[in-house]
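If you count by mature numbering (1 follows the signal peptide of the UniProt record, and there is no 0), then the sequence shown holds residues -24 to -1, 1 to 444, one letter each, in order. For each residue, glycine too, the CB sits at the ideal point set by N, CA and C. Quick caveat, the model's predicted, so the values are computed rather than measured. The block underneath contains the structure these notes are about, expressed in structure tokens.
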Amino acid sequence: MTSKKQLEWKPLFLIFTVLSCCSSLEVSIPVSEYEVARGGEIALTCSFIPARPNFDTMILTWEAFPDNTVDPMIVVASYFLNKPVDIAPAYEGRASLKNDMTKHVSTLHLTKVTMEDNRRYQCSVAIPNDKQGTQAATTSLLVLVAPSAPICKLQGTAEYWHNITLTCVSQEGSPQPVYEWKSYSVENSPRQFPPKTTEKDGSLSLFNISVETSGYFICTSTNRVGSASCNFTLAVMPNSMNIASTGIIIGAVVAGVLVIGIIIFCCCRKSSKKNKFAEGSPGDVEFYDKDAPETGEQYWDDKSNSETKPHNQDEDKDVVPQSNYAVTSAGHTFDDDQHSSISGKEKYNGKGSDIDSQRYQDDQYRGSRDRLDDQLDRNEQRERYGGSRDRLDDQRQRYGGSRDRLDEQRNRYGGSRDRLDDQRERYGGSRDRLDDQRERYGGSRDRLDDQRERYGGSRDRLDDQRER
Ligand SMILES: *[C@@H]1O[C@H](CO)[C@@H](O)[C@H](O)[C@H]1NC(C)=O
Ligand SMILES: *[C@@H]1O[C@H](CO)[C@@H](O)[C@H](O)[C@H]1NC(C)=O
Ligand SMILES: *[C@@H]1O[C@H](CO)[C@@H](O)[C@H](O)[C@H]1NC(C)=O
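As structure tokens, this is what we get:
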């Protein structure tokens, strides 16, 4: 059994040894790395030594290694013996393959080389029954590209006592450019890097920078083909805290200006109000002082609505004939003034109605002896409250248009209300004409005072009357 098996195995062994000894294919690429400038052309040569010189079929293939090792190989060109060369569509037009079957050499020509061609290539030969030896060889193609101008960037904050990194990268460059940093002072003189500075792959790390670190930092990107550089100006600033505080200061200044502006605005408004008041006050005084009664009346007539006007006129007509009216009115006015003095200027506006009511009162008292007594009482009251003539005068001056003066004047200039009313009608209530009137009748304090002395001033006469 055993010998039988051995017999069976013998021929197989013989065949195996014969094949291994006689069919040893050797594929090789003499140059391990080709270099070509981008856009140039290059010829990659692959030689092979078949185990048996006479073969009637073979396949020769040029392939490119993929970027990603997981991906399949990229076929560039392939050659079947005694068949036309097959160029892969991707290389059509710029790749060609020449095969010398006597010298057993295959040459791949690449033109218009790009960075895409910057990779490893493999030449493989397949001959039937020639599986021993080396069936493939590889080489690499280096496409040379000068480095592009590097981009210098700052990583970190260029502030006192910060750590920063300056980066320098060329977008292009083959082979991979090397970067070198150099530092220049602000005066543009070369200088050493500050201590603890590290430089790696174009990244320059500066530690605990200060104002002295400021200057020019030049990065040069260099490869076999060329070099390029960037110039970074580093200006180390004070802390952002300071900047923030500066911002706060600016904000405070702005706010201050705003506040001052508001204050000024308020002051202006206040002072203008004051001025208004100051201007208005003398006017009021003047108005009531000079204008005397009619004006006061007229004023009301003019200003108030129709309700007041007829009322006044009617009453006036009725009231005026009373010779004592002035005295009475004076008394009333005083009372009125007393009230007004308490409540002030505003309340004065309500005086018109007060006067009316007083008039009504007067009507009631009219023609009776009692009335006179009352009046006298009132005058006494006046004495009591007013005390002195001066005070009364003061008050009159303050509140102007006192009934007293009104009635006095009325009496003096015609004594009859009718005439006054006529006059009023004649002068149509117009302010201008009133002013005329005012001027005509003088409205002078002196005359008024005279009157006052004549009428109010003499207590004796009143007493006489009372006795009568
Ligand atoms: C700078 O780096 C040092 C050590 O590398 C570290 O102690 C320090 O806190 C860093 N400074 C800043 C501002 O990050
Ligand atoms: C950074 O430098 C300043 C002086 O320039 C020094 O006072 C400070 O201690 C330094 N900081 C570090 C983390 O070395
Ligand atoms: C860098 O730039 C500065 C200002 O732009 C210039 O003064 C300096 O000469 C430049 N340095 C280099 C090496 O180009």
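Shown here, Glu188 sits in a helix according to DSSP, grouped into three states. Between the alpha carbons of Tyr160 and Gln152 lies a distance of about 26 Å. Proximity of the region 133 to 140 to the region 106 to 113 falls short of the contact definition, fewer than three beta-carbon pairs being nearer than 8 Å. Per DSSP, the continuous beta strand (DSSP E) segment holding Glu156 begins and ends at 154 to 160. With at least 16 other beta carbons inside 10 angstroms of its own, Ala40 counts as buried.
Met91 sits exposed, since fewer than 16 C-beta atoms from the chains shown fall within 10 Å of its C-beta. Under DSSP, Met213 forms a beta bridge with Glu135. Judged by pairs of C-beta atoms under 8 Å, the region 97 to 106 touches the region 32 to 52, as three or more such pairs exist. In this structure Val145 is buried. Its beta-carbon is surrounded by 16 or more other beta-carbon atoms within 10 angstroms. Looking at the DSSP output, Arg96 bridges to Ser116. Linking Phe208 to Thr115 through their CA atoms gives a straight-line distance of about 41 Å. The Cβ atoms of Ser82 and Lys88 lie no closer than 9 Å to each other.
Distances from the CA of Asn58 to each of Ile50, Thr37, Ser72, Thr33 were compared; the closest alpha carbon is that of Thr33. Closest by C-alpha distance to Pro166, out of Leu182, Tyr192, Tyr155, Glu175, is Tyr192.
If you look at Thr83, you'll find it in the beta strand (DSSP E) that goes 81 to 86. Ranked by how close their Cα comes to the Cα of Arg200, the residues Leu120, Leu36, Ile185 have Leu120 in first place. Rounded to the nearest angstrom, the Cβ distance from Pro170 to Thr189 is 6 Å, consistent with a contact under 8 Å. For a cut-off of 8 Å, the C-beta gap from Leu118 to Glu9 is around 6 Å, short enough to register as a contact. Counting of Cβ neighbours within 10 angstroms places Thr78 among the exposed residues, the total staying below 16.
In this structure, Ile185 lies near Asn139, with their beta-carbon atoms less than 9 Å apart. Taking 8 Å as the cut-off, the C-beta of Asn215 does not count as close to any heavy atom of ligand 2. Annotation for Leu180: Leu142, Trp157 place their beta carbon closer than 6 Å to its own, counting only its chain and skipping 5 residues before and after. With a cutoff of 8 Å, Ile127 does not count as near ligand 3, since its C-beta is closer than that to no heavy atom of the ligand.
Rounded to whole angstroms, the Cβ separation of Ala71 and Val46 is 25 Å, and the two are not in contact under 8 Å. In the DSSP assignment, Asp62 is bridged to Ser54. DSSP, reduced to helix, strand and coil, places Ser247 within a helical segment of the structure shown. Per DSSP, reduced to three states, the secondary structure at Ala27 is coil, with no helix or strand assignment. Distance from the CA of Val235 to the CA of Lys246, rounded to the nearest whole angstrom, comes to 16 Å.
In the three-state DSSP reduction, Ala125 falls in the coil class, being neither helix nor strand.
Where Asp76 is concerned, the enclosing beta strand (DSSP E) starts and stops at 71 to 76. Ligand 1 approaches Phe183 closely enough that one of its heavy atoms is under 8 Å from the residue's Cβ. Rounded to whole angstroms, the separation of the alpha carbons of Val212 and Ile239 is 42 Å.
Around the beta carbon of Asp93, 16 or more other beta carbons sit within 10 angstroms, so the residue counts as buried.
Per DSSP, the unbroken beta strand (DSSP E) holding Tyr10 starts and ends at 9 to 13.
The beta carbon of Ala19 is closer than 6 Å to those of Thr83, His85 in its chain, skipping five residues each way along the sequence. A residue is called buried when at least 16 other Cβ atoms come within 10 angstroms of its Cβ; Phe56 does not meet this threshold and is exposed.
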